[in-house]
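As structure tokens, the structure follows; a few thoughts come after it.
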């Protein structure tokens, strides 16, 4: 990339199953005020705000109206990306690269506890062909998981190993909704939701918010102790109808990753990337997305987890934060991937720090079965 | 706070459906596709020329969550970068601004933006009530009309604005719509007819209010290199500004004084080098959700002083043959497919700059302004020019 | 369902989405005082001293946390109003909302913002901007905004 | 902590948002459902450029953007591409759980159709299973006019 966008600072709430005391503005103000304070900045330093939330989850048309005072948009430029948080980061980066603005406060919020997840996730399907069948996110991801496992011989145990690893990592993340030591057997014997997805293969319902400060190169250098640079960023959308693509392959992710790597000058991701924060709503996704991002051949995801390459201390730690399996709300989840990857590069990831992390990958997706994919390369630099 | 972009960006094409109260002949994706094909035709492009698609609507109006995902086939975003941006009434202008930022970032050369709404498929007032705060506003909220009405009374009270002056806006814009093949309501009305139309919520009568429409609008934003190579007369984006505000209607003066538009236009004029907007602009497409609003928006946009919106209307300055024609397209009072509405303002301003306005063309347009309105009394402003 | 033998079909859905909105600390406190003491409370920004009603966690102008509660009394001035006369579907009940009804914005003394609520008078036609208005409270208060039934003109 | 927060009970406002929606299917989708409703025939639509038959049909090819007009009848029999057994209940499921979803590539189609699977033991379920559509007696012109797909003997 010719120009660089830097991440100056990040802030997260603790993710909790039901933040019953917090209204949306309270939850958002917690992170937006803190991220400024911790970086010695004021709202006056922010030229613009990019917010990130979903009308359906908030139960409110124009969900950014709810949080306007809490994200500091009074008589300021603000816009809302109604997709996964990685796409919001992408949009914030573009607005900075345009030269129109120098800085951006990005705030992502969601309280999954307030609505009905199955109903909301059923509304994502088209009203002509698919919605009437009662699909939701979980049941369609189960279709993807099954297809993937069938086509490439991925086993339920391998998926369970992902859950074991990420839930264990979650123990070291103070923001995580949950972290625990579970065994493969426990995952395998947890309640069956939709074959092959069991309770511990699936992310929990959770509430929370995440804020990031992004800035142009000049401002980021001035403001950040360790600015984190976005060196590659790309997204792609695949077809919508479930039967239109072979769900065992993620062409949109392959294309997005390839583009992002080209921008960042990466030729061998396995060698050149130190860690990955990816969107593991369900355990199988970690394996499938790793393939999509070129860390192994199609179908090679199972081996990666089996050989413990993606564990803390492995060649390529994946989701040191504990990932979405340890609990991040949808939409916010993508912003958290970027925030967690940035913390790693800043060397501020505490107990979950990957030693010497210089280059990290953040991945987010939205739409049925990972239809839309976004990949962001973050790195340390001068 | 905002500046002109580092790279020049031009609008090279637009496409609209013929807006109607109901389009039972097409589904949502097909309606979007109609605008996209018209836009590609206008550009002389194929979908392969498009690098990215930015789309939006008001999701609760149709009750569909992942509209950007469902519409991939019709919008032409298959295996491309795609994004959904939704900001209520300003969705269309937020999308147009997003098209501008996408190209200005240097990451994309040719970007399509699409705003749409198929209001006949849901309940507009119910959809708008979702927009109100569940604790503080929902019980009293009656769609958009109520808050326009409640603050229009304050506007009239403070400045002596009359119902007749507002009715003139309703007459002017519907008459302008007669020249616009895409417009939904094309009516040759009298002030009398407006005043005698059914009272909805005092002082707003049926003909003071925008309709609900089914329709879509698409635009193509292009880098300077491509625009100059392929197009004789594109519309260059010379300023883009957004202003949001406090969360509750009661925090603001609403129709009486739209301060976000005041703040946004002041900044946009500064960026574009406009000193006297009434003189320096050649045409304006203002997002007027009701007749009273257009009068007040004149004031906020600096076309006249506070409280002088009625007088400016009386002077005839904003008619087709006036000093600054406002809403030659017929405006929102003639067409309102909400997610597209603010984009139509930008598209119509671009059409004027490109000289493609046909019967609604204002002669010799060098600079045009488009505004978006929505959310919690938010505003977007874009200024387009014949020269970069 | 088909439009009787036609070639264009419709898909119909009756959507019902339940939500449990957390009022948050600020609104919970407001509603508690309203329920227990018939008080209408605003919250003051410690920096610019603006008093906000409805109460909210932060001042949008100064971006600081609001901390100081202020009793705004139960009388105010009518800033703007309308009488809703058109029928529409109320998504909270799934039925048409009863009309006509008056609603408007009340300037409570000391508040920098206005409260949106139902307004009435002995006759709706008598409502005028600038009228003094007084809150009428519900007998059995439940801890929501409807504990104020409406603001009534002092005639 | 501020004094006023002490002992404060959180208030939760419950609302059910109810809205009716009426979606126009458009000519292409309507024709697909009319053929099922009136003749129990399943139609696909063909893109000549991409040499693909799409089921369910749409009026534009997402891949090449060609308008699609060429109808092709596909079989009511096909092959299961993937499936899942859903054990949890939701208010929008057409039948009570446990229910089986599958994606079926009908003979003659190049894309899969997502639908319900029934009349089967779980043990028989496998990718590659041959299945056939079972039509509803009283058909209304929507996706549930196909009740489900059942395994071929």
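Chains as they are written, first to last, in this note's numbering: chain C, 1 to 382; chain R, 383 to 770; chain B, 771 to 925; chain A, 926 to 1078. For every residue, glycine included, the Cβ atom is placed at its ideal position computed from N, Cα and C.
- Scanning its chain for C-beta atoms nearer than 6 Å, with the 5 sequence neighbours on each side dropped, one finds around residue 3 of chain C the residues 97, in chain order.
- In the displayed model, residue 555 of chain R falls within a helix according to three-state DSSP.
- Counting the other Cβ atoms within 10 Å of the Cβ of residue 267 of chain C gives fewer than 16, which makes it exposed.
- Rounded to whole angstroms, the gap between the alpha carbons of residue 410 of chain R and residue 54 of chain C is 20 Å.
- With fewer than three CB-CB distances shorter than 8 Å, the region 708–724 of chain R does not count as touching the region 41–61 of chain C.
- Within the region 458–524 of chain R, the complete alpha helix (DSSP H) segments of 4 residues or longer fall at 473–486, 506–513, listed in chain order.
- A contact between stretches requires three or more CB pairs, one per stretch, nearer than 8 Å, and the region 561–574 of chain R fails this requirement with the region 845–858 of chain B.
- Per the Cβ contact rule, the region 839–846 of chain B is in contact with the region 808–826 of chain B (3 or more Cβ pairs under 8 Å).
- Within the region 239–272 of chain C, 239, 240, 241, 242, 243, 244, 245, 246, 247, 248 place their CB atoms closer than 9 Å to a CB of chain A, listed in sequence order.
- The criterion of a C-beta distance shorter than 8 Å is not satisfied by residue 617 of chain R and residue 418 of chain R.
- Around the CB of residue 1005 of chain A, 16 or more other CB atoms lie within 10 Å, so the residue is classed as buried.
- Under the Cβ criterion of 8 Å, residue 79 of chain C is counted among the residues facing chain R.
- The shortest CA-to-CA distance from residue 923 of chain B to any of B:778, B:869, B:900 is the one to B:900.
- Within the region 776–862 of chain B, the runs of beta strand (DSSP E) that reach at least 3 residues and sit entirely inside it are, in chain order, 780–792, 811–814, 838–841, 845–854.
- Short of 6 Å from the beta carbon of residue 151 of chain C, and not among the five residues preceding or following it, lie these beta carbons of its own chain, in chain order: 248.
- Look at residue 452 of chain R here: in three-state DSSP terms it is helix.
- Residue 953 of chain A: member of the alpha helix (DSSP H) spanning 951–964, first to last residue.
- In this structure, the beta-carbon distance from residue 865 of chain B to residue 857 of chain B does not fall below 8 Å.
- Along the region 1026–1066 of chain A, the beta strand (DSSP E) occurs as fully enclosed runs of 3 or more residues at 1038–1042, 1055–1060, listed in sequence order.
- Residue 873 of chain B places its beta carbon less than 8 Å from that of residue 886 of chain B.
- Around the Cβ of residue 939 of chain A, a 10 Å sphere holds fewer than 16 other Cβ atoms; the residue is exposed.
- Counting only the Cα atoms, residue 415 of chain R lies some 31 Å from residue 748 of chain R.
- Note on geometry: alpha-carbon atoms of residue 667 of chain R and residue 711 of chain R lie some 8 Å from one another.
- With distances taken between CA atoms, residue 661 of chain R lies nearest to R:704 out of R:679, R:704, R:688.
- Between residue 880 of chain B and residue 821 of chain B, the gap from beta carbon to beta carbon is short of 8 Å.
- Among the residues facing chain R, residue 1054 of chain A is not included, as its CB has no counterpart in that chain under 8 Å away.
- By the Cβ criterion, the region 821–832 of chain B is in contact with the region 60–74 of chain C, since at least three pairs of Cβ atoms, one from each stretch, lie closer than 8 Å.
- Bounds of the alpha helix (DSSP H) holding residue 720 of chain R are 720–736.
- Here the region 681–694 of chain R does not lie against the region 604–618 of chain R, with fewer than 3 beta-carbon pairs under 8 Å apart.
- Scanning chain R for C-beta atoms nearer than 7 Å to the C-beta of residue 862 of chain B yields 520, reported in chain order.
- For the C-beta of residue 755 of chain R, not a single chain A residue is nearer than 8 Å; the gap to the nearest is close to 24 Å.
- The DSSP-derived three-state label of residue 38 of chain C is helix.
- Fully enclosed alpha helix (DSSP H) runs of no fewer than 4 residues occupy 641–654, 659–662, 673–682 of the region 608–691 of chain R, in order along the chain.
- Taking a Cβ-Cβ cut-off of 9 Å, the neighbours of residue 830 of chain B in chain R comprise 627, 628, 629, 633, given in sequence order.
- For residue 785 of chain B, the neighbours in chain R by C-beta distance under 8 Å run, in chain order, 445.
- Straight-line measurement puts the Cα of residue 625 of chain R at about 29 Å from the Cα of residue 558 of chain R.
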